[in-house]
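Engineer:
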Amino acid sequence: MPEEVPREPPAVAPPSDAPRVLLVDPYVAREDPMERKFVELYPSLGILTLAAWLRSHGIRTEVTDLTFARDAEPVTEHIRRFRPHLVGVHTKTLTLPRALEIAERAAADGVPVLAGGPDAATRPERYLREGFDAVVPSEGELTLVEAATRVRDGIPLAGCPGTVALVGHRIVRGPARPFLKNLDDLPLPAWDLIDMEAYLSAWAERTGERRAAVLTSRGCPFDCSWCSKPTFGRTYRQQSVPRVLAELRALHDRYGVDYVRFCDDVFGVDRHWLEALLDAMVRDGPHLKFECLARVDLLKTDLLEQMKRAGLQRVYLGVESGSQKMLDSMNRGTRLSQIEHVAASLREHGVRQFWFLMLGYPGETLDDIEETLQMFRRFSPEEYSVSIAVPVPGTRFYDAVKDRLRGRASRTAGSGGSSLLYEAAYPETLYRWQQVRFAWEARLRHVRHRFSPEVADRLSRAADELHERVAKPLLLGQAARARSRAGPSDAERLPVVARGPRDGGPSA
Ligand code: B12
Ligand code: SF4
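In the numbering used here, the protein residues as written are -10 to 497.
1) Residues in the same chain with beta-carbon distance under 7 Å from Leu433, minus the five sequence neighbours each way, listed in chain order, please.
2) Just to check, is the beta-carbon of Cys216 closer than 7 Å to a non-hydrogen atom of ligand 1?
3) Return the chain-ordered ranges of every alpha helix (DSSP H) run that is complete within the segment 276 to 307 and spans a minimum of 4 residues.
4) For Thr323, which of helix, strand or coil comes out of DSSP?
5) Starting from the N-terminal side, write out each stretch of the alpha helix (DSSP H) that is 4 residues or longer and does not extend beyond the segment 330 to 390.
6) In the structure shown, what three-state DSSP assignment does Pro8 receive?
7) Below 7 Å, is the gap between the Cβ of Cys213 and the nearest heavy atom of ligand 2?
8) Measuring only the C-alpha atoms, how far is Ala7 from Leu75?
9) Name the DSSP beta bridge partners of Gly466, please?
10) Please go through the same chain and pick out, in chain order, the residues whose beta-carbon is closer than 6 Å to the beta-carbon of Pro275, but skip the five residues on each side of it.
11) Could you check which residue in Thr361, Arg59, Thr138 and Phe57 has the C-alpha nearest to that of Arg9?
12) For a test of the three-state rule: what should DSSP assign to Glu309, helix, strand or coil?
13) Leaving aside the five residues before and after Leu464 along the sequence, list all residues of the same chain whose C-beta is less than 8 Å from its C-beta, in chain order.
14) Report the start-end ranges of each beta strand (DSSP E) in the segment 66 to 113 that is 3 residues or longer and not cut off at the edges.
15) Once the 5 residues before and after Thr65 are set aside, which same chain residues still bring their CB inside 8 Å of it?
16) Alpha carbon to alpha carbon, how far is Leu306 from Arg284?
17) When you compare each of Cys213, Gly339 and Ser310 to Leu294 by their alpha carbons, which one comes out closest?
18) Tell me the DSSP bridge mates of Gly208?
19) Name the residue from Arg59, Gln302 and His67 whose alpha carbon lies nearest to the alpha carbon of Leu277.
20) Is it the case that the segment 9 to 21 contacts the segment 49 to 57, given that we only count it when at least three CB pairs across the two stretches are under 8 Å?
21) Tell me the rounded alpha-carbon separation between Val249 and Trp180.
22) Would Cys281 and Leu34 qualify as a contact pair, given that the criterion is a beta-carbon distance under 8 Å?
23) Closer than 8 Å is the cut-off here; do at least three beta carbon pairs connect the segment 190 to 208 with the segment 361 to 373?
24) So, is Ser5 buried or exposed, given that buried needs 16 or more other C-beta atoms within 10 angstroms?
25) Beta strand (DSSP E) containing Ala201: first to last residue?
26) With Ile160 as the anchor, note down where its beta strand (DSSP E) starts and where it stops.
27) Distance, Cα to Cα, Leu348 vs Cys209?
28) If Glu119 and Ala92 are in contact, beta carbons under 8 Å, what's the gap, nearest whole angstrom?
29) With respect to 7 Å, is the separation between the Cβ of Asp383 and the closest non-hydrogen atom of ligand 2 below this value?
30) Taking Cβ to Cβ, would you say Asp108 is nearer than 8 Å to Leu146?
31) Looking at the C-beta of Cys149, does it have a partner C-beta in chain B at a distance below 8 Å?
32) Do Cys252 and ligand 1 come close, with the Cβ less than 7 Å from some heavy atom?
33) Where does Asp54 fall in DSSP's three states?
34) Could you check what DSSP says for Ala402 in three-state terms: helix, strand or coil?
35) If I measure Cβ to Cβ from Ala312 and keep anything under 7 Å in the same chain, skipping five residues before and after, which residues do I get?
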């Protein structure tokens, strides 16, 4: 592993005839129902990395970040001020309507517009038919440089490697473009192009910490049935430890960041790499607190001590279900025993745990939900989110239920988790009631720890009785009516899939 910390290339002003690109993040925080609950605001690393890459390739680049905006008006203002050759929009399912509005705004000013990011990558035709000139369905850096140059030079985008475009009524796919070989070639994100202070002070106000997001890898070698991975698929690439340290230092030194969220799909897939990073963080600093998302099959408990020493505060765990049958049908590749082991070790080490739980996945019965609730009760994580399964386009889960989507699915499938978006085994009210039961249990955690475990147990039992005697019979009546409308069972619809690796070894 190279010991030398990579440097940023010197800033060179691009020539006056350089292509100009405006990148847009269409996410407006105030429109996100989940955001109001969890307030986890970080700038899009996709946009910031693309911007940095473009700049380092002689392209004039600016960013409109709508996160703190009221609407998309700043995009039009920015287009008129900057006069870009090309507008590039980052997309998520949640932001589809805004993205389409931005395409309209760009077209109104006569600027070609390109879409990239997970949603456009999943369904490029939709974006092309509704106003985008081209879509980049994969890694964006190399393609965006060529696209910007083509537009400036008056060369059509159709056929450009790494793009999908519409010519007449025909979809034209350019040749595939290989991924970047070495993620260390990426310059540090272009934080200076957005209002970093708005994010950092929002965090400081809320938690007392200046928090930022860092990504050390691209892709994930696992294969959970409901997970959308259109951009990087099951590939996996990791930055070197010195490159990651350079980014941590820059955030600390330039922006006073003291807490980092490692946003990798799965942090530390390669154990040797993780050990080297933790060592370096302890030895050389910067000494930052951090949190990450981990898989229970990878988070070996003998590593926890070292992680704690390096600053670990919180771990997000994709627990998903307390039923092994459900974990298997989600192709999660994890065991209940692993969840229990990791949850107990985190508690022992004083590391906060945030559990992601999911209800309403095809094939789930009330008994499975009960098992999940019982596990939640036993381990009482400090934080949790229990969402109703969201069928994201491009996933096997989505394919399995796509002919049973409910009307609002296309609008909200990127977010929420509080609405049932397809005709599942039970009515939405049942899942919402189950969410209430989890919320009640979470409240009892405080009673248990700060007041009396006996009182908490009694209140838990009372809630169970209410469920058994009143809510369940009532909701099962509705379920029977819903099932008679639903047609073939979930099990019949869900395709059999190859299992993902269970041992955590990268597949790419
Ligand atoms: C970190 C993360 C978060 C963080 C930070 C969000 C942020 N501001 O970026 C937090 C926790 C806050 C978060 C929140 C949400 N997230 Co999130 N998140 C991720 C995660 C794990 C990494 C994102 C990332 O940085 N990727 C790395 C960069 C380099 O990749 P990238 O963004 O895809 O960009 C590359 C290409 O796509 C392409 N590209 C991207 N944009 C553009 C634009 C142009 C013009 C071009 C040419 C190319 C291009 O080039 C880029 C570089 O190669 C992804 C999973 C994943 N691996 O992508 C989920 C993911 C993006 N999130 C997802 C979702 C659903 C959400 C939420 C809507 C959840 C919610 N509220 O219910 C919110 C939305 C918040 C928001 N601000 O947009 C889904 C999106 C699925 C979909 N189809 O929409 C993903 C894919 C997870 C999943 N597997 O389901 N998220
Ligand atoms: S571990 Fe599963 S849910 Fe997480 S990113 Fe990989 S495939 Fe998606």
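For every residue, glycine included, the Cβ atom is placed at its ideal position computed from N, Cα and C.
Structural biologist: On the basis of the coordinates in this document:
1) Ala445, Leu448 and Ser449
2) yes
3) Correct list: 290 to 299.
4) coil
5) 355 to 368 and 385 to 390
6) Coil.
7) yes
8) 12 Å
9) Paired residues: none, contrary to the question.
10) Answer for Pro275: Leu237, Arg238 and His241, listed in chain order.
11) Thr138
12) strand
13) Tyr415, Pro416, Thr418, Leu419 and Trp422
14) Taken in chain order, the complete beta strand (DSSP E) segments of 3 residues or longer contained in the segment 66 to 113 are 75 to 79 and 102 to 105.
15) Arg94, Ala97 and Asp98
16) 6 Å
17) The amino acid at residue 294 is misidentified as Leu; the sequence shows Glu. When each option's Cα is compared against that of Glu294, the closest is Gly339.
18) Tyr225
19) Closest by alpha carbon: Gln302.
20) Taking a cut-off of 8 Å for Cβ pairs, the segment 49 to 57 and the segment 9 to 21 touch, as three or more such pairs fall below it.
21) 15 Å
22) no
23) no
24) Ser5 comes out exposed.
25) Arg200 to Val203
26) Here the beta strand (DSSP E) through Ile160 covers Arg159 to Arg162.
27) 23 Å
28) 7 Å
29) The displayed chain sequence assigns Gly, not Asp, to residue 383. Distances between the C-beta of Gly383 and the heavy atoms of ligand 2 are all 7 Å or more.
30) no
31) Absence of chain B from the displayed structure is noted, only one protein chain being present.
32) yes
33) strand
34) Bear in mind that a pLDDT of 46 at Ala402, under 50, signals an unreliable position, so the number given afterwards is only what the model happens to contain. Looking at Ala402 - three-state DSSP - the assignment turns out to be coil, as it is neither helix nor strand.
35) According to the sequence displayed, residue 312 carries Ser and not Ala. Excluding sequence neighbours, Ser312 sits near Asp357, Glu360 and Thr361.
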